[in-house]
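Reading through the structure tokens given below for one structure.
There are 2 protein chains.
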Amino acid sequence: MSAEDTDTPGGAFIGYKTCPVRRTLSILNGKWKPLIIYELLPGPCRFNELKRRLPGVSQRLLTAQLRALEADGIVDRKVMEVVPPHVEYSLSEKGRSLHPVLQAMEIWGENEIKNYPIS
Amino acid sequence: MSAEDTDTPGGAFIGYKTCPVRRTLSILNGKWKPLIIYELLPGPCRFNELKRRLPGVSQRLLTAQLRALEADGIVDRKVMEVVPPHVEYSLSEKGRSLHPVLQAMEIWGENEIKNYPIS
DNA sequence: GCGCCTAGTATACATAAGGGTACTGCACAC
DNA sequence: GTGTGCAGTACCCTTATGTATACTAGGCGC
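Same order as they appear, the protein sequences are chains P and H.
Numbering-wise (UniProt numbering), the first sequence opens with residue 1 and increments by one.
Numbering-wise (UniProt numbering), the second sequence opens with residue 1 and increments by one.
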């Protein structure tokens, strides 16, 4: 990494402009973001369905991380103006391009669970 | 993911026992951990050299994340009893097995930087 | 024998990120 | 009119991370 891009106005990663790993981490740096992307890989999903698929996440956090992913162009948010409200989240092209990263995580985790099962 | 492993005593990931992605995230969930592993991939490295290679990290954080990675069996810590002190960090076999994950992140980041350069 | 060097460790304090729960407004079922 | 589902928002609290400083122990210059 070059030492020139040491700017990080909003707490983003120093060096995300030039360091590939930091650039990727600047997108995936939320606790739930990789899991959200992982759950959206098969196809679009509504808010509460996503919440059910991600045990442990709170509404507040899920909203916040979805908004961040939307701002980064990873997730698309489609609002149907009906009652009850219907909001559909899906991966953008850029989001789908993260598939190999999530897949690598999945493969490593599968191997870990197989070799070192817990309780 | 099954709903049974909802235990997470110390703030670890719910479901890390059975969900592969969560299992991987339970190891990589620190802001600097992926970068530390990335920097250690080429070979062993001393503390201050690591610090120099990771602009933006503080001594305190680097120490803490190295200890966490050590506890997870990702990083080996070798202390030479000399003056001045000499401590060498390196990846364990388990740590090296994370190479594909870091590589996927690197590739994605490279592509991003190429397609969407910043300033 | 005093101050400065290395390679860290330890402490204190501030801010950022994560988390829990209650609450909204509207429609539908009962 | 009570309960349920949807897609959030508001409020408050706990971890995680960031910053700064002081400390270890021996060796070196003077």
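Note that the Cβ used here is the ideal one computed from N, Cα and C, for glycine as well.
Nearest-angstrom Cβ-Cβ length linking residue i and residue j, presumed shorter than 8 Å
i	j	result
residue 92 of chain H	residue 73 of chain H	6 Å
residue 30 of chain P	residue 65 of chain P	5 Å
residue 50 of chain H	residue 37 of chain H	Actually they are not in contact, since the Cβ atoms of residue 50 of chain H and residue 37 of chain H sit about 11 Å apart, beyond 8 Å.
Within chain H, partners of residue i - CB distance below 8 Å
i	result
residue 17 of chain P	113, 117, 118 and 119
Beta-carbon proximity list for residue i, same chain, < 6 Å, skipping 5 on both sides
i	result
residue 28 of chain H	34
residue 53 of chain H	39
residue 113 of chain P	none
residue 87 of chain H	47 and 79
residue 23 of chain H	16
residue 9 of chain P	Residue confidence for residue 9 of chain P is low, a pLDDT of 32 falling below 50, so the modelled location carries little weight; the figure read from the coordinates is stated next. Excluding sequence neighbours, residue 9 of chain P sits near nothing in its chain.
Beta-carbon proximity list for residue i, same chain, < 8 Å, skipping 5 on both sides
i	result
residue 90 of chain H	40, 43, 44, 45, 75, 76 and 78
residue 99 of chain H	41
residue 96 of chain H	41
residue 25 of chain P	13 and 16
residue 32 of chain H	54, 57, 61, 62 and 65
Proximal chain P residues relative to residue i, where beta-carbon distance stays under 9 Å
i	result
residue 31 of chain H	13, 25 and 29
Below-7 Å beta-carbon distance, residue i vs any chain H residue
i	result
residue 71 of chain P	no
residue 82 of chain P	no
residue 109 of chain P	yes
residue 3 of chain P	Low confidence applies to residue 3 of chain P: its pLDDT is 36, below 50, so where it sits in the model is not reliable, and the reading given next is rough at best. By this cut-off, residue 3 of chain P is an interface position.
Where residue i falls, given that 16 or more other Cβ within 10 Å makes a residue buried
i	result
residue 63 of chain H	exposed
residue 118 of chain H	exposed
residue 21 of chain P	buried
residue 67 of chain H	exposed
residue 60 of chain H	exposed
residue 82 of chain H	exposed
Same chain, Cβ closer than 7 Å to residue i, five either side skipped, listed in chain order
i	result
residue 105 of chain P	34
residue 94 of chain H	73 and 74
residue 107 of chain P	none
residue 70 of chain H	77
residue 102 of chain P	34, 37, 38 and 41
Residue-chain proximity (residue i, chain P), Cβ-Cβ < 7 Å
i	result
residue 43 of chain H	no
residue 68 of chain H	no
Contact set between residue i and chain P, taken where Cβ atoms lie within less than 8 Å
i	result
residue 21 of chain H	34, 35, 38, 102, 105, 106 and 109
Chain-ordered chain H contacts of residue i [CB-CB under 7 Å]
i	result
residue 98 of chain P	108
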